[in-house]
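**Student:**
2 protein chains.
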Amino acid sequence: MRIDMQAAAAFLRGADRILILSHAHPDGDTLGSATALAAALQGMGKTAAVQCGDPIPKNFEFLFDGLAQPVFTPETVVAVDVADPKLLGKAFNAEYGGRIALCIDHHASNILYAAQTWIEGESASAAEMVYLLLQALGQEITPQQASRLFVGVTTDTGCLRFSNTTVRTFRIAAELAAAGADTYHIIQTFFETKTKTFAALERLALDGMRLYFHDRCALMCITQEMYRESGSDESETDRLTNLPRQIEGVRVGVTLRELADGEFKASVRTHGEINAAAICKRLGGGGHTGAAGCTLHGTKQQAINALLREVQAELDTDTID
Amino acid sequence: MRIDMQAAAAFLRGADRILILSHAHPDGDTLGSATALAAALQGMGKTAAVQCGDPIPKNFEFLFDGLAQPVFTPETVVAVDVADPKLLGKAFNAEYGGRIALCIDHHASNILYAAQTWIEGESASAAEMVYLLLQALGQEITPQQASRLFVGVTTDTGCLRFSNTTVRTFRIAAELAAAGADTYHIIQTFFETKTKTFAALERLALDGMRLYFHDRCALMCITQEMYRESGSDESETDRLTNLPRQIEGVRVGVTLRELADGEFKASVRTHGEINAAAICKRLGGGGHTGAAGCTLHGTKQQAINALLREVQAELDTDTID
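Line order of the protein sequences matches chains C and W.
For the first sequence, position 245 (counting from the first letter as 1) is numbered 245 according to our numbering, and the numbering increases by one without interruption.
For the second sequence, position 313 (counting from the first letter as 1) is numbered 313 according to our numbering, and the numbering increases by one without interruption.
This is the structure in structure tokens:
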């Protein structure tokens, strides 16, 4: 059942012993939103905690600072930024996938698996929704809460740069800044600082970037060999996925990452009307119009060929030269 | 004489035949602020125009769309974002440097050369000041005006990322977005799009970047040879100056650009307490605490040595390891 924010707020007011789940391979939005919601519910006198099917990356650990993480038998399970219970990860999906009472999500592709889903497909981040929800719940946006939500707002918008950024996004970012979010350090951490290993990996990746289809598609492939050469690893690749799309004239940017087991994870980023989700859906994946992903098997060249085939099909629908 | 915003507004209300000057080597802030101010004054029924001692770079031409540029004998000369009349360029300094009636500036280093100076050293951009001034003048922020000011607000803050960005900056950015600024295209143009030649130049520059002083200083040098190899030119180098500072642990990032005449232009970007203006001042330049510049003579190695000497002196004052 789809519900609105007021209904989600009413439901949470009546709930307790609330377990909040982030998606696996957690990012700033799922963790920032979940921790902010948990802290707000604790502020309302409820028992609440956040769990994630994967370990919390080091640079996100500060989101949990000052958050009690009680152990309890959950009465109510809430998923935040989780479009499909599969994204909870195998174990969490098996344990909780069938009993999500409330899902708060901004993916239009949400498969509506929860008993109640509050979904805003136009929202740039789940954090924007949680910000409004916290206000509906009458919960103060402390500097720490503002920082948690600012992480979500910025990491899901490339720091307010992607096309999903709306006037509301700018307004909420400003309100979070005014509420005391540590905007400068958050932005430095997630957008303006490169480890030496990341800088080395970025150079290798850019060196291998190739253009296709009259320079309307840029593709780069990050291999296990590149991790070895740069001293970097998979945890540093998220920020690379925007690079191919940045080249002037490129409509589709593709980043392929070779996983340790030999599979390839593709991240597709598009401009304008080109539908990244459509490209990835035909390869068994999904996502948003401007940003989507899928996993490919076979050799590197097979993965590239499969992707280029679908990119070309989608580019053929493009009306802008 | 230093004046406040209300006095600047009162002065402009009483003025006419107003020539607004941008600094030479114009950037988004000086041009966005000047064009927005000129359009507002025209909206008040006044004769006003913008001039710059150097040609307007192609990507800034749209700021002049819809702006009448009448030719007249100026009664009142206003400088925007110009800390020193030398920065007007030689010819403009000779013609107007001694007769600036009003200077609107956000450089704390402004030498107070104008008859009246409204200066806000804490403002991240002149555009923030002009935004508030236009409101004081009762002038509507149309979508086009909002776009002009958004260019200034974003280009002087690295798209809200630099340490000069304040809560006011975020708030004004949000208000400009709400007023209809074409935020997405402006951000794409100035921050998210790389020409192929720029991408090639960036790779060459990064390949040559070196670390000094226990990795607390990163320096890269962009040579005329690199322009030839990449097909790029000086006009594309501004965006490179932030790269050295991005490496984790680096406190001072230096970009040296070899000019056609063999001189070297240095851009110094710092973190925290390290004073970029102090480094550059000792080499005959100036600027802000976090971003400053100077021009160096001699060979490339002499330029590097001179800079490193001053960087080291400044790093010695740094208390953070």
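Built from N, CA and C at the ideal position, the CB exists for glycine as well.
Would Val167 (chain W) count as contacting chain C if we go by Cβ distances under 7 angstroms?
**Tutor:** As a position in the second sequence, residue 167 (chain W) is number 167, starting the count at 1. With 7 angstroms as the cut-off, Val167 (chain W) counts as an interface residue toward chain C.
**Student:** Which two residues bound the contiguous beta strand (DSSP E) that contains Cys217 (chain W)?
**Tutor:** As a working mapping, residue 217 (chain W) is identified with position 217 in the second sequence. Start and end: 217 to 222.
**Student:** From Asp321 (chain C) to Cys217 (chain C), what does the alpha carbon distance come to, in whole angstroms?
**Tutor:** Taking the first residue of the first sequence as position 1, residue 321 (chain C) is located at position 321. Taking the first residue of the first sequence as position 1, residue 217 (chain C) is located at position 217. Model confidence at Asp321 (chain C) stands at a pLDDT of 46, short of 50, so the residue's coordinates are unreliable and nothing is read from them.
**Student:** By DSSP, does Gly152 (chain C) sit in helix, in strand, or in coil?
**Tutor:** The count along the first sequence starts at 1 and reaches residue 152 (chain C) at position 152. Three-state DSSP puts Gly152 (chain C) in a helix.
**Student:** On a Cα-Cα basis, can you pick out the residue from C:Val311, C:Ile20, C:Asp316 that is closest to Phe72 (chain C)?
**Tutor:** Here residue 72 (chain C) is taken as the residue at index 72 of the first sequence, counted from 1. Selected option, being the one with the closest Cα: C:Ile20.
**Student:** For a test of the three-state rule: what should DSSP assign to Asp233 (chain W), helix, strand or coil?
**Tutor:** Here residue 233 (chain W) refers to the residue found at position 233 of the second sequence. The answer is coil: DSSP assigns Asp233 (chain W) none of H, G, I, E or B.
**Student:** If I measure Cβ to Cβ from Phe162 (chain W) and keep anything under 7 angstroms in the same chain, skipping five residues before and after, which residues do I get?
**Tutor:** Along the second sequence, read from residue 1 onward, the residue named residue 162 (chain W) stands at position 162. Correct list, in chain order: Gly290.
**Student:** Would you call Lys265 (chain C) buried or exposed, if buried means 16 or more other Cβ atoms sit within 10 Å of its Cβ?
**Tutor:** Translated into the one-based positions of the first sequence, residue 265 (chain C) becomes position 265. Buried: at least 16 other Cβ atoms inside 10 Å.
**Student:** Is the CB of Lys194 (chain C) under 7 angstroms away from at least one CB in chain W?
**Tutor:** If you number the first sequence from 1, residue 194 (chain C) lands on position 194. Yes, because at least one Cβ of chain W sits closer than 7 angstroms to the Cβ of Lys194 (chain C).
**Student:** Can you list, in chain order, the residues of its chain with a C-beta nearer than 6 angstroms to that of Ile56 (chain W)? Leave out the 5 residues immediately preceding and following it.
**Tutor:** Residue mapping note: residue 56 (chain W) aligns to position 56 of the second sequence, counting from 1. Excluding positions up to five away in sequence, the list is empty.
**Student:** Would you kindly work out how many angstroms separate the C-alpha atoms of Gln224 (chain W) and Arg210 (chain W), rounded to a whole number?
**Tutor:** Residue numbering aside, residue 224 (chain W) sits at position 224 when the second sequence is read from its first letter. Residue numbering aside, residue 210 (chain W) sits at position 210 when the second sequence is read from its first letter. Each residue's alpha carbon lies about 18 angstroms from the other.
**Student:** Between Ala79 (chain W) and Ala8 (chain W), what straight-line distance do the alpha-carbon atoms span, to the nearest angstrom?
**Tutor:** Against the second sequence, residue 79 (chain W) aligns to sequence position 79. Against the second sequence, residue 8 (chain W) aligns to sequence position 8. Roughly 12 angstroms between the two C-alpha positions.
**Student:** Within its chain, find whatever has a CB closer than 8 angstroms to the CB of Asp65 (chain C); leave out the 5 residues flanking it on each side and keep chain order.
**Tutor:** Taking the first residue of the first sequence as position 1, residue 65 (chain C) is located at position 65. The residues are Gln144.
**Student:** Which of helix, strand or coil does DSSP assign to Cys52 (chain C)?
**Tutor:** Taking the first sequence and counting its residues from 1, the one referred to as residue 52 (chain C) is at position 52. Strand at Cys52 (chain C).
**Student:** What residues in its chain sit with their C-beta under 7 angstroms from that of Gly158 (chain C), if we drop five residues either side in the sequence?
**Tutor:** In the first sequence, counting from the first residue as 1, residue 158 (chain C) sits at position 158. Contacts found: Asn242.
**Student:** Among C:Leu296, C:Cys280, C:Arg245, which residue has its Cα nearest to the Cα of Ala263 (chain C)?
**Tutor:** Taking the first residue of the first sequence as 1, we reach residue 263 (chain C) at position 263. It is worth fixing the name first, because residue 263 (chain C) is Glu in this sequence and not Ala. The option with the nearest alpha carbon to Glu263 (chain C) is C:Leu296.
**Student:** Which value, in whole angstroms, describes the spacing of the CA atoms of Ala83 (chain W) and Val268 (chain W)?
**Tutor:** For the purposes of this step, residue 83 (chain W) is taken as the residue at position 83 of the second sequence. For the purposes of this step, residue 268 (chain W) is taken as the residue at position 268 of the second sequence. Using only the alpha carbons, I get a separation of about 18 angstroms.
**Student:** Against Tyr184 (chain W), what residues of chain C qualify as contacts under a CB-to-CB distance less than 8 angstroms, listed in chain order?
**Tutor:** Locating residue 184 (chain W) in the second sequence gives position 184, where the first residue counts as 1. Simply Ser163, Thr165.
**Student:** Alpha carbon to alpha carbon, how far is Ile100 (chain W) from Ala94 (chain W)? Give it in angstroms, no decimals.
**Tutor:** Taking the first residue of the second sequence as position 1, residue 94 (chain W) is located at position 94. Taking the first residue of the second sequence as position 1, residue 100 (chain W) is located at position 100. One C-alpha to the other measures close to 12 angstroms.
**Student:** Look up Thr326 (chain C) in the DSSP assignment and give the residues it is bridged to.
**Tutor:** Residue 326 (chain C) lies beyond the stretch modelled for chain C, which goes from 1 to 321, so this question has no answer here.
**Student:** Quick one: does the C-beta of Phe92 (chain C) sit closer than 6 angstroms to a heavy atom of the ligand PLP?
**Tutor:** The ligand PLP is not among the ligands present in this structure, which contains no ligands whatsoever.
**Student:** Can you find a CB in chain C that lies within less than 7 angstroms of the CB of Ala177 (chain W)?
**Tutor:** In the second sequence, the residue the question calls residue 177 (chain W) occupies position 177. Closer than 7 angstroms to some Cβ of chain C, the Cβ of Ala177 (chain W) qualifies, so yes.
**Student:** For chain C, is any of its Cβ atoms less than 7 angstroms away from the one on Asp321 (chain W)?
**Tutor:** As a working mapping, residue 321 (chain W) is identified with position 321 in the second sequence. With a pLDDT of 46 at Asp321 (chain W), under the threshold of 50, the modelled position of that residue is not reliable, and the figure given next carries that caveat. Judged by the 7 angstroms Cβ criterion, Asp321 (chain W) is not in contact with chain C.
**Student:** How far does the alpha helix (DSSP H) with Arg257 (chain C) in it extend, from its first residue to its last?
**Tutor:** If you number the first sequence from 1, residue 257 (chain C) lands on position 257. It is not in any alpha helix (DSSP H) - Arg257 (chain C) instead sits in the beta strand (DSSP E) that spans 252 to 258.
**Student:** Can you tell me whether DSSP reads Leu19 (chain W) as helix, strand or coil?
**Tutor:** Along the second sequence, one-based indexing puts residue 19 (chain W) at 19. Three-state DSSP puts Leu19 (chain W) in a strand.
**Student:** Report the residue from C:Phe190, C:Ala39, C:Asp233 whose alpha carbon sits nearest the alpha carbon of Ile18 (chain C).
**Tutor:** As a working mapping, residue 18 (chain C) is identified with position 18 in the first sequence. The shortest C-alpha separation from Ile18 (chain C) is found at C:Ala39.
**Student:** Compare the C-alpha of Asp306 (chain W) against each of W:Lys86, W:Glu202, W:Leu283, W:Arg203 and name the closest.
**Tutor:** To locate residue 306 (chain W), count along the second sequence from 1; it is residue 306. First, the residue type needs correcting, since residue 306 (chain W) is Ala and not Asp in the sequence shown. Considering only alpha carbons, the answer is W:Leu283.
**Student:** Note down, in chain order, all residues in the segment 235 to 256 of chain W with a beta-carbon under 7 angstroms from any beta-carbon belonging to chain C.
**Tutor:** So the list reads Gln246, Ile247, Glu248, given in the order they occur along the chain.
**Student:** Which residue wins for smallest C-alpha separation from Glu310 (chain W), given the options W:Leu219, W:Val50, W:Pro74, W:Gln139?
**Tutor:** Within the second sequence, residue 310 (chain W) is the residue found at index 310, counting from 1. It is W:Leu219.
**Student:** From Arg334 (chain C) to Thr154 (chain C), what distance separates their C-alpha atoms?
**Tutor:** The structure shown does not extend to residue 334 (chain C), since chain C is modelled only from 1 to 321, so the question has no answer here.
**Student:** How long is the line joining the alpha carbons of Glu140 (chain W) and Asp81 (chain C), rounded to whole angstroms?
**Tutor:** Position 140 of the second sequence holds residue 140 (chain W). Position 81 of the first sequence holds residue 81 (chain C). Distance between the alpha carbons of Glu140 (chain W) and Asp81 (chain C) is about 39 angstroms.
**Student:** Determine the direct distance from the alpha carbon of Asp156 (chain W) to that of Ile111 (chain W), and round the result to whole angstroms.
**Tutor:** Position 111 of the second sequence, counted from the start, is the residue given in the question as residue 111 (chain W). Position 156 of the second sequence, counted from the start, is the residue given in the question as residue 156 (chain W). Straight-line Cα distance between these residues: approximately 20 angstroms.
**Student:** Using a Cβ-Cβ cut-off of 7 angstroms (strictly less than) and excluding sequence neighbours within five positions of Ala181 (chain W), which residues of its own chain qualify?
**Tutor:** For this step, residue 181 (chain W) is matched to residue 181 along the second sequence. Excluding sequence neighbours, Ala181 (chain W) sits near Pro143, Ala146, Ser147, Phe150.
**Student:** Could you say if the segment 197 to 214 of chain C and the segment 169 to 185 of chain C meet the contact criterion of at least three C-beta pairs nearer than 8 angstroms?
**Tutor:** Judged by Cβ distances under 8 angstroms, the segment 197 to 214 of chain C makes no contact with the segment 169 to 185 of chain C, as fewer than three pairs qualify.
**Student:** Please classify Thr317 (chain W) as buried or exposed, where buried requires at least 16 other C-beta atoms within 10 Å of its C-beta.
**Tutor:** Looking up residue 317 (chain W) in the second sequence gives position 317. Thr317 (chain W) should be labelled exposed.
**Student:** With 16 as the cutoff for other CB atoms within 10 Å, does Asp105 (chain C) come out buried or exposed?
**Tutor:** Here residue 105 (chain C) is taken as the residue at index 105 of the first sequence, counted from 1. It is buried - the Cβ of Asp105 (chain C) has at least 16 other Cβ atoms within 10 Å.
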